[in-house]
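Everything on this sheet refers to the single structure shown next.
Protein chains in written order, with the working numbering: chain A, 246 to 494; chain B, 27 to 263.
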């Protein structure tokens, strides 16, 4: 097997992520119950559901931050136990933005690029700032940014190491129309570049034109799984109002 | 954007990660000054209050300076640990650190060195203050004093950093940290007080100082190794 001259020989490559019968309980509360799906390279999978449906728990498990109580997640042939090599290929944008408000946008990006062993953190940070459209504010502390600007920095922070699997938890929260449109364009770009993109959201209007596949969660249970979803709001309302035992796909 | 991975930066992954975390913590602290000012103000107030209460006609009770020095440092440590990890919790940046492909013990060492640096900065002000207010000959044997202070600080911070990281998601972390920390660091405090008190005697018995220093070094080695060994498991899920 040959490697690109820029590629670390230790890099883990995978083209799909398979979630197999994953359940997760917190004490007596079951946050996820027997969730299964497969996400593949060059697709955007949407995880949809109301608050408390288990979307963030699922993202946490996919990010290796949480362990499933039962079931497993396979990243190609690898599992969560692969550790740092696997984490090097995952990028996460959480509901919280994972940025240090006291540091500037450039310092945040350089710090995370350094942690991900990016060859030239300064160049990677410059590139990320340009993509975020924040070159002019690069040396301002993140605490002085608007929510939309922070979100753009946080997205570039999550992508600075060119992850194979991109996990986004409610990425549209607090964004104005222009910022949301820029994020949609960035997600399309990621899909075209061959990333596996999983987006947990309840913003159906923005999600609909993006998704190649939609997984509906309700009370931690998979309520429906629909390829190339159309009329997402109508499907969502139908899935969420049906009695739970009728919602299995 | 997934494309080929950029070439990893040269240098040891562990040492480099420690340096990145330490440099980040120090940069954040230099910008905000939050922990340094709080711990320094608190520790100095503590020493001043004890000095007003205990020093009569320029004479301090025997051994008082050593006890009060370490009480102030212990409380300052608790304060610094709590704030240090609260900062990582507020923006959920601890999760980002855990998501990075670095050895997790490196995160522990980086945080530990950051706390030690802050405490040493506090002690640089506190030691002359105690020496002055309690007319204590603290600097008569500077090398022994530096040894006792540094090993004691590392002992307090090594256990405290592990516990503060463990408790970062606990609701009553502010109450639980001292409850867990103080019983474990009792040997460190005893060794710190006894070692410092021995240095304040008119004739210093170096064998006594050496004994307490050795105890502190042993404690540091045991607890740093234990923390490095358990940090990955403690921070996982």
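Heads up, the beta-carbon is just placed ideally off N, CA and C, and yes, glycines get one too.
Three-way DSSP call (helix, strand, coil) for residue i in this model
| i | result |
| --- | --- |
| residue 416 of chain A | coil |
| residue 264 of chain A | strand |
| residue 288 of chain A | strand |
| residue 262 of chain B | coil |
| residue 349 of chain A | strand |
| residue 249 of chain A | In this predicted model, residue 249 of chain A has a pLDDT of only 38, less than 50, meaning its place in the structure is not dependable enough to derive any value. |
| residue 465 of chain A | coil |
| residue 495 of chain A | Missing from the structure shown is residue 495 of chain A; chain A here goes from 246 to 494 and no further. |
| residue 473 of chain A | coil |
| residue 274 of chain A | strand |
| residue 312 of chain A | coil |
| residue 460 of chain A | strand |
| residue 257 of chain A | coil |
| residue 230 of chain B | coil |
| residue 236 of chain B | helix |
| residue 34 of chain B | Low per-residue confidence applies at residue 34 of chain B: pLDDT is 44, beneath 50, and the placement is therefore not dependable, though the value from the model is reported in the following sentence. DSSP places residue 34 of chain B in coil when its eight states are reduced to three. |
| residue 86 of chain B | coil |
| residue 317 of chain A | strand |
| residue 293 of chain A | strand |
| residue 57 of chain B | helix |
| residue 253 of chain B | helix |
| residue 488 of chain A | coil |
| residue 280 of chain A | strand |
| residue 213 of chain B | helix |
| residue 386 of chain A | strand |
| residue 39 of chain B | helix |
Whole-Å CB distance - residue i paired with residue j, under 8 angstroms assumed
| i | j | result |
| --- | --- | --- |
| residue 195 of chain A | residue 312 of chain A | No information on residue 195 of chain A is available, as it lies outside the stretch 246 to 494 that chain A covers here. |
| residue 125 of chain B | residue 332 of chain A | 6 angstroms |
| residue 260 of chain B | residue 191 of chain B | 7 angstroms |
| residue 171 of chain B | residue 225 of chain B | 6 angstroms |
| residue 366 of chain A | residue 377 of chain A | With 8 angstroms as the limit, residue 366 of chain A and residue 377 of chain A do not qualify as a contact, their Cβ atoms being about 16 angstroms apart. |
| residue 105 of chain B | residue 114 of chain B | So it is not a contact: roughly 16 angstroms between Cβ atoms. |
| residue 393 of chain A | residue 278 of chain A | Actually they do not touch by this definition, with Cβ atoms about 35 angstroms apart. |
| residue 81 of chain B | residue 152 of chain B | Contact flag wrong, Cβ pair sits at about 16 angstroms. |
| residue 127 of chain B | residue 260 of chain A | Going by Cβ atoms, the distance from residue 127 of chain B to residue 260 of chain A rounds to 20 angstroms, so no, they are not a contact pair. |
| residue 69 of chain B | residue 160 of chain B | That pair is no contact at about 14 angstroms. |
| residue 414 of chain A | residue 118 of chain B | Their Cβ separation, rounded to whole angstroms, is 11 angstroms, which puts residue 414 of chain A and residue 118 of chain B out of contact at 8 angstroms. |
| residue 179 of chain B | residue 145 of chain B | 5 angstroms |
| residue 95 of chain B | residue 156 of chain B | 5 angstroms |
| residue 343 of chain A | residue 122 of chain B | 4 angstroms |
| residue 335 of chain A | residue 410 of chain A | 5 angstroms |
| residue 369 of chain A | residue 405 of chain A | 5 angstroms |
Spatially closest choice to residue i from the options, by CA coordinates
| i | options | result |
| --- | --- | --- |
| residue 408 of chain A | A:281, A:361, A:486, A:472 | A:361 |
| residue 282 of chain A | A:340, A:298, A:395, A:303 | A:303 |
| residue 88 of chain B | B:253, B:240, B:252, B:228 | B:228 |
| residue 220 of chain B | B:236, B:61, B:46 | B:236 |
| residue 90 of chain B | B:262, B:179, B:164, B:203 | B:164 |
| residue 432 of chain A | A:271, A:421, A:422, A:444 | A:444 |
| residue 452 of chain A | A:285, A:258, A:289, A:268 | A:289 |
| residue 93 of chain B | B:77, B:254, B:142 | B:77 |
| residue 293 of chain A | A:353, A:441, A:446 | A:446 |
| residue 64 of chain B | B:95, B:103, B:176, B:41 | B:103 |
| residue 295 of chain A | A:305, A:381, A:327, A:460 | A:460 |
| residue 345 of chain A | B:57, B:159, B:149 | B:57 |
| residue 321 of chain A | A:400, A:462, A:263, A:382 | A:263 |
| residue 280 of chain A | A:317, A:287, A:257 | A:317 |
| residue 99 of chain B | B:53, B:215, B:54, B:51 | B:215 |
| residue 339 of chain A | A:269, A:310, A:430, A:314 | A:310 |
| residue 255 of chain B | B:238, B:204, B:199, B:132 | B:132 |
| residue 177 of chain B | B:201, B:202, B:217, B:147 | B:217 |
| residue 387 of chain A | A:488, A:405, A:351, A:434 | A:351 |
| residue 573 of chain A | A:484, A:456, A:482 | Outside the displayed range of chain A (246 to 494) lies residue 573 of chain A, so it cannot be described from this structure. |
| residue 449 of chain A | A:347, A:284, A:481, A:381 | A:481 |
Closer than 8 angstroms: residue i CB and nearest the ligand SAH heavy atom
| i | result |
| --- | --- |
| residue 137 of chain B | Among the components of this structure there are no ligands whatsoever, and the ligand SAH is therefore not found. |
(message) Three Cβ pairs or more, each shorter than 8 angstroms: is that satisfied between the segment 101–110 of chain B and the segment 240–255 of chain B?
(response) no
(request) Taking 8 angstroms as the threshold, find out whether the segment 130–144 of chain B comes into contact with the segment 367–379 of chain A through three or more Cβ pairs. (result) no
(message) List, from N- to C-terminal side, the alpha helix (DSSP H) runs of 4 residues or more that fit wholly inside the segment 96–126 of chain B.
(response) 119–125
(request) Identify every run of the beta strand (DSSP E) within the segment 391–449 of chain A, keeping only runs that are complete inside it and at least 3 residues long; order them along the chain. (result) 410–414, 441–446
(request) Please specify which runs of the alpha helix (DSSP H), each continuous and at least 4 residues long, are wholly inside the segment 137–209 of chain B, giving them in chain order. (result) 168–192
(message) Any contact between the segment 413–428 of chain A and the segment 387–402 of chain A? By contact I mean 3 or more CB pairs, one from each, below 8 angstroms.
(response) yes
(request) Decide yes or no for the touch test of the segment 205–213 of chain B against the segment 171–188 of chain B: beta carbon pairs closer than 8 angstroms, at least 3 of them. (result) yes
(message) Extract the residue ranges of the beta strand (DSSP E) inside the segment 329–376 of chain A, only unbroken runs of 3 or more that lie entirely within it.
(response) 335–338
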